[in-house]
Each structure stands twice: as C-alpha cells, then as structure tokens.
Amino acid sequence: MAFVVVITGASSGIGRSLALAWAKRGASVVLSARGQEALERVAAEVRAAGGDALPVAGDVTVEEHRAALCERALGAYGRLDVLVNNAGRGYYAPTLEIEPEKLEEIYRLNVVAPVRLAQLAIEPLTAAKGTIVMVSSIAGLAVAPRIGPYASSKFALEALSMTLRAELASRGVRVLVVRPGPVATPFHEHAVVIDNDVGYRPPGHKAQSPDEVAGRIVRAVDAGSEVLETSLFVKAASLAVRVAPGPARWFSKRMARRSGF
Ligand SMILES: NC(=O)c1ccc[n+]([C@@H]2O[C@H](COP(=O)([O-])OP(=O)(O)OC[C@H]3O[C@@H](n4cnc5c(N)ncnc54)[C@H](OP(=O)(O)O)[C@@H]3O)[C@@H](O)[C@H]2O)c1
C-alpha cells in the first residue's frame, strides 16, 4: 500500500522539494497551495518522479479548503501517513509598527491552520501511526530585529507542537518540529516586509537549498525524530539561546542597533 503524504505550501520552496523527495520513493502526495497553475506544475513533476499526485488548490486559512483537503486525500487513497504543515509566510516590521490585521492574517496561516489541519486529520493519522510535521524556523526559538511578527507565530507553533506531541504520544502519532535557518526559496519575496527591510542578520547564515532541507525532513520522518534543526547555523543559534540567554539578549540589542534602532 502506498505511503500517503499531505503537504501544504507544496507549490514552491521547501514544500515542492518535499513533494519531489517523497515522489522519488513512490509515495502518493496530496498537494495544497492557493495558486492552481503552480500546483499543477508540481503535480506533473511528482508524477514524472515516480509518485502519485493529487493537487487540491485552496487557502489553508479557510475551513472549507482544510476540510476538502483531508476528505479528498482520504477519498483518493484511504489512508494518511504524514501531514506536513509547511505553508507559511514571513512578516518583518518594527514591533511598534505592526499592523494588527496583518498580524492576525499571519497567525491564521502560520499558527491556526496547522493546528486545525492536525485536528481534521487525526483519525487517519492515528490509524496509520503517522507523523505530523510542523515546519517552524530558527525564528521559533531566537529573534532578530524586525522579525517579531513572524517569530511570534513560530514561537506559538512551537508551543502548540510541544503540547500536541505529548498529547498524541499515547495514540502513536508523532510530531516532528523542523527548524530551518535561511533557505533559498522565494520566501522573502512572499513575505510582508515594511520599508523593504528585513533587519540585520547574524553572520554565518548561508542559505541551504530546499532540496537539502527536504531530504533531511524525509529522513527525520523515517527515523521517528521529534525535532530537526536543519543546519549547523541553526544548531549553534538554538544552543546559544538556551545555554547563554544573557549573551543572546546582548547580541539581540547589538543587531537592533546595527539595524538602526
Ligand atoms: N525560506 C526560508 O528561509 C525559511 C526559513 C525557516 C522556515 N521557513 C518556513 O518554511 C515554510 C515554507 O517556506 P518556503 O521558504 O518554502 O516559502 P515559499 O517558497 O514562499 O512557499 C510558501 C508556500 O506556501 C503556500 N501558501 C502561502 N499562503 C498560503 C495559504 N494561505 N494557503 C495555502 N498555501 C499557502 C504558497 O503557495 P500560494 O502562494 O500559491 O498559496 C507556497 O506554496 C514556511 O512555513 C516558512 O515559515 C522558511
């Protein structure tokens, strides 16, 4: 029986690379994103790579699309092994200039949609003893100037994922939190950015390729991992904020000064 994966944000970047990585293993991949044409293109790539593809275009912040995505996946394949909550968007602005409506929009996509999809998919995931992948970020643990609106959404996703992992353990459903650092995708082009400024970034944050990140995610699902930090940069930053919070706060202020605050 085929391995079935639902991926949100599958038309671009990390989501597309994930779809192709699972396709190469012969998986059935259910693809979600708003733009139908791009989704159809990825579906064709998935089929060419040896997988089965079911594109379901729609907006994951809309309940009807979330329900349709789960129903159509189950209707087509009768099972669900992995739900990848990958669709997400950045929002970079000084905290004092955050627009509440934009913040709510980002939270609906980065926080509410992943939780709601986990709720809707829990029965087939339980039957398959499957995995929920939550694509967080190093920004789910560490902050930089102007990153508050985006980082706060990923901090929330981290807390919900940690809770969900504990609550689902008795069902045999795993929750894998993925923390990429910078990845070479159109993510910044798609982000809400005030004054065309994403703020000062720490040195050493070389972008990874989405294919490399996707390969690591697929292997982490195989291994039953609970957390995946995708690069040395992420591991170092993650360690620094935990073991040296004082110096991390100092460094944060230094980055803010360099960003003109
Ligand atoms: N790239 C990075 O540097 C980086 C670093 C750390 C974490 N991440 C995380 O990785 C994930 C994927 O990012 P990426 O870099 O691959 O970004 P991306 O290339 O911009 O892709 C985003 C995907 O999400 C879809 N999407 C956006 N809004 C949606 C909505 N309302 N409903 C359904 N789909 C929607 C987009 O398609 P449509 O626009 O057609 O809907 C697209 O397929 C995000 O959660 C992001 O926070 C990225």
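Under the numbering used here, read the sequence shown as residues 18 to 278, first letter to last. Backbone N, C-alpha and C fix where the C-beta goes; we use that ideal spot for every residue, glycine too. Model, not experiment: these values are computed from the prediction.
Are the beta-carbon atoms belonging to G198 and V152 less than 8 Å from one another?
Not a contact, by the Cβ cut-off of 8 Å.
What's the C-alpha gap between E140 and G68?
Whole-angstrom Cα-Cα distance: 24 Å.
So, T247 versus P227, is the Cβ gap smaller than 8 Å?
Cβ distance not < 8 Å, so T247 and P227 don't count as in contact.
Verify whether the separation of the beta carbon atoms of L181 and V195 is less than 8 Å.
No. Outside cutoff.
Measuring from the CB of T202, is there a heavy atom of ligand 1 at a distance below 7 Å?
Checking every heavy atom of ligand 1 against the Cβ of T202, one is found closer than 7 Å.
Any chance the region 40-53 sits against the region 79-98, with 3 or more Cβ pairs inside 8 Å?
Yes: the two stretches touch, three or more of their Cβ pairs being nearer than 8 Å.
What are the boundary residues of the alpha helix (DSSP H) that includes M18?
Here M18 belongs to no alpha helix (DSSP H), and DSSP marks it neither H nor E.
Checking 8 Å against the spacing of the C-beta atoms, do V77 and T25 come in under that value?
Cβ distance < 8 Å, so V77 and T25 count as in contact.
Measuring alpha carbon to alpha carbon, tell me which residue in V63, W39, R89 is nearest G75.
Comparing Cα-Cα distances from G75 to each of V63, W39, R89, the minimum goes to R89.
For A224, collect the residues of the same chain with a Cβ closer than 7 Å to its Cβ; drop the 5 residues on either side in sequence, then sort them by chain order.
Closer than 7 Å at the Cβ level, and outside the excluded window around A224, lie P199, V200, A201.
Identify whether S153 lies in helix, strand or coil by the three-state DSSP scheme.
Looking at S153 - three-state DSSP - the assignment turns out to be coil, as it is neither helix nor strand.
Please find out if some non-hydrogen atom of ligand 1 comes closer than 7 Å to the beta-carbon of D76.
Correct: D76 has its Cβ closer than 7 Å to ligand 1.
Suppose the cutoff is 6 Å on Cβ atoms and the five residues either side in sequence are ignored; what does the same chain contact list for V21 look like?
Within the same chain, V21 has close Cβ partners S45, Y94, R96, L97, D98.
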